[in-house]
Amino acid sequence: MKKIIAIVMALAMVFSLALVFTSCTDNAATGEESSTEADAATGMTAKEGVLVMATNAAFPPYEFVEGGEYAGIDVEIAGKIAEKLGMTLEIKDVEFGSIIGGVQTGKFDIGMAGMTVTPTRLESVNFSTTYATGIQVVIVAEGSSITSLDDLVGDGSMKFGVQQDTTGDIYASSSVEDGGYGEENVVRYKTGADAVQALKTGKVDAVIIDNEPAKSFVAANEGLKILDAEWAVEDYAIAIAKENTELLTAVNNALAELEADGTIADIIAKYIPTSEDTTA
Ligand code: ARG
Numbered sequence: 000m001k002k003i004i005a006i007v008m009a010l011a012m013v014f015s016l017a018l019v020f021t022s023c024t025d026n027a028a029t030g031e032e033s034s035t036e037a038d039a040a041t042g043m044t045a046k047e048g049v050l051v052m053a054t055n056a057a058f059p060p061y062e063f064v065e066g067g068e069y070a071g072i073d074v075e076i077a078g079k080i081a082e083k084l085g086m087t088l089e090i091k092d093v094e095f096g097s098i099i100g101g102v103q104t105g106k107f108d109i110g111m112a113g114m115t116v117t118p119t120r121l122e123s124v125n126f127s128t129t130y131a132t133g134i135q136v137v138i139v140a141e142g143s144s145i146t147s148l149d150d151l152v153g154d155g156s157m158k159f160g161v162q163q164d165t166t167g168d169i170y171a172s173s174s175v176e177d178g179g180y181g182e183e184n185v186v187r188y189k190t191g192a193d194a195v196q197a198l199k200t201g202k203v204d205a206v207i208i209d210n211e212p213a214k215s216f217v218a219a220n221e222g223l224k225i226l227d228a229e230w231a232v233e234d235y236a237i238a239i240a241k242e243n244t245e246l247l248t249a250v251n252n253a254l255a256e257l258e259a260d261g262t263i264a265d266i267i268a269k270y271i272p273t274s275e276d277t278t279a
């Protein structure tokens, strides 16, 4: 019994130290002072009553800007989570590659951007339970000599366009021995849409990107098609600072409720009509 109490006390100490540490880094990152004090007690969010979500809003149907407003699956799910936590949602549209670092330092409370759970990212942040599946696919020009994954080679004869720091970038840039095409054959763009424009103008031969954005880019641009093959199947989840276990639990509970009452399925169905699922 004594032993158990000692362990519990030790854990409590470690946890409160972690909280102190988090609140210090929060202040350093945001430059905010006393307004974060109240939250330092809970360690839940950087700004009281506000859930700050970092995203990269050029990734339809998960996040995009329409008529000056943020819209998409992630935006709506995050809105529902914030509602359940009694907070208001604040969205920050940043470069995809700066989301994890900003979450880690407490600049953002959550990172939600059709973000794939990877072992490397798990070294920096925690992820919520997964709320969607993503598939990496390949977009090529109609009439391209690339007709299957086997036609993709890293011998310098073709260029691959990707959104910088995404899993598409990570896969394509890895060495040929590791199943990629070599960094020297990859061209990185700020957004997936930029990579698709480069494909249209012949600057790259193939774009590796998540399937749902791929579908919407192909629908919006003539002369492109998606190869009927899956490069990789991935899980999307919400990134949260490792220290912020309280927020992680709250977000996971909210996700479970939204999953159970069909809210998430409804949001996904609104943006991804199932009739389209068979096309590729
Ligand atoms: N699923 C991919 C990844 O996690 C791409 C995500 C890109 N998201 C975005 N909002 N641009 O790397």
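Residue numbers for the sequence shown, in numbering that gives the first Met the number 0: 0 to 279.
Every residue, glycine too, gets a C-beta built ideally from N, C-alpha and C.
Note that the structure is a prediction, hence the values are computed from the model and not measured.
Are the CB atoms of ALA56 and ASP92 nearer to each other than 8 Å? yes
Between the segment 175–188 and the segment 119–134, do three or more beta carbon pairs fall short of 8 Å? no
Counting along the chain, where does the alpha helix (DSSP H) carrying ASP164 start and finish? Neither: ASP164 is in no alpha helix (DSSP H) and is coded neither H nor E.
Does GLU229 come out as helix, strand or coil in the three-state DSSP assignment? coil
Can you list, in chain order, the residues of its chain whose CB lies under 8 Å from that of GLU183, leaving out five sequence neighbours each side? GLY155
Would you kindly work out how many angstroms separate the C-alpha atoms of GLY100 and PHE58, rounded to a whole number? 20 Å
Touch test, the segment 82–97 against the segment 203–210, Cβ-Cβ under 8 Å, three pairs minimum: no
Verify the contact flag: ASN55, CB atom, against every heavy atom of ligand 1, threshold strictly below 7 Å. yes
Helix, strand or coil, according to DSSP, for PHE63 in the structure here? strand
Would you kindly check if the distance between the Cβ of SER172 and the Cβ of VAL185 is under 8 Å? yes
Does DSSP put THR262 in a helix, a strand or coil? helix
In the DSSP assignment, what residue or residues form a beta bridge with GLN280? The question about residue 280 has no answer here: the residues shown for the chain are numbered 0 through 279.
Within its chain, find whatever has a CB closer than 6 Å to the CB of PRO74; leave out the 5 residues flanking it on each side and keep chain order. Here the sequence assigns Val to residue 74, which means Pro is not the residue at that position. If we look at VAL74 and ignore the five residues flanking it on each side, its Cβ neighbours are GLU62.
Could I get the ranges of all uninterrupted alpha helix (DSSP H) runs contained in the segment 118–206, with 4 residues as the minimum, in chain order? 118–123, 166–172 and 191–199
Could you tell me if PRO118 is buried or exposed, where buried requires 16 or more neighbouring beta carbons within 10 angstroms of its beta carbon? exposed
Is the beta carbon of PHE159 closer than 8 Å to that of ALA192? no
When the Cα of THR54 is compared with those of LYS46, ALA45 and VAL64, which residue comes out closest? VAL64
Taking 8 Å as the threshold (C-beta atoms), are ALA253 and ILE80 in contact? yes
Give the straight-line distance between the Cα atoms of ALA231 and LEU148, rounded to the nearest whole angstrom. 11 Å
Count the other C-beta atoms from every protein chain shown that fall within 10 angstroms of the C-beta of ALA269, then say buried if there are 16 or more, exposed otherwise. Sequence inspection shows Lys at residue 269; the Ala mentioned does not correspond to that position. By the neighbour-count rule (16 or more Cβ atoms within 10 Å), LYS269 is not buried but exposed.
In three-state DSSP terms, what is VAL51? strand
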